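Undergrad:
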Amino acid sequence: MGSLVRDINRQFNNVLVHLEDDIPNIGADNFRLFCYLTVGFDNDLIARLLGLREKSILYSRKNRLKFRIRRVCSPYKEYYLILIK
Numbered sequence: 051m052g053s054l055v056r057d058i059n060r061q062f063n064n065v066l067v068h069l070e071d072d073i074p075n076i077g078a079d080n081f082r083l084f085c086y087l088t089v090g091f092d093n094d095l096i097a098r099l100l101g102l103r104e105k106s107i108l109y110s111r112k113n114r115l116k117f118r119i120r121r122v123c124s125p126y127k128e129y130y131l132i133l134i135k
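Here the working numbering is used: the first residue of the sequence shown is 51, the next is one more, and so on.
Shown next as structure tokens:
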């Protein structure tokens, strides 16, 4: 995950640093989900990487992550949402 995080931060203006500042208790699984969505992995691959048996679980987790981001008071909020669309 280390090189992926570095590459995402380099490509997207330290977005993961800001995300961790804005949501310090994001958790490892949600952080990984954000990373995978940001780089554009498809849902099947993301589900496999996260060890999810059903895509419905992935969709629920994505929606919960988006909900958490929408509640954040941050100048980066819209940027986060654009990256994980």
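Beta carbons are placed, not taken as given, at the ideal position from N, Cα and C, and that holds for glycine. Everything numeric in this text was worked out from a predicted model, so none of it was measured.
1. I think L83 touches N93, with their Cβ atoms under 8 Å apart; what is that distance to the nearest whole Å?
2. Report buried or exposed for A97, applying the criterion of at least 16 other Cβ atoms within 10 angstroms of its Cβ.
3. Within 10 Å of its beta-carbon, does S75 have 16 or more other beta-carbons around it, so buried, or fewer, so exposed?
4. How would you write the range of the alpha helix (DSSP H) that E104 sits in, first residue to last?
5. Is the distance from the Cβ of R118 to the Cβ of L100 below 9 Å?
TA: According to the data block:
1. By 1-based counting over the sequence shown, the position of residue 83 is 33. By 1-based counting over the sequence shown, the position of residue 93 is 43. In fact, because the Cβ distance is near 11 Å, the residues do not count as touching under 8 Å.
2. To locate residue 97, count along the sequence shown from 1; it is residue 47. Answer is buried; the Cβ neighbour count reaches 16.
3. Looking up residue 75 in the sequence shown gives position 25. Sequence inspection shows Asn at residue 75; the Ser mentioned does not correspond to that position. The residue in question, N75, is exposed, as its Cβ has fewer than 16 Cβ neighbours within 10 Å.
4. For the purposes of this step, residue 104 is taken as residue 54 along the sequence shown, with counting starting at 1. Looking at the DSSP string, E104 is not in any alpha helix (DSSP H), and its letter there is neither H nor E.
5. Walking along the sequence shown from the start, residue 118 turns up at place 68. Walking along the sequence shown from the start, residue 100 turns up at place 50. It is not a contact, given that the beta carbons lie outside the stated cut-off.
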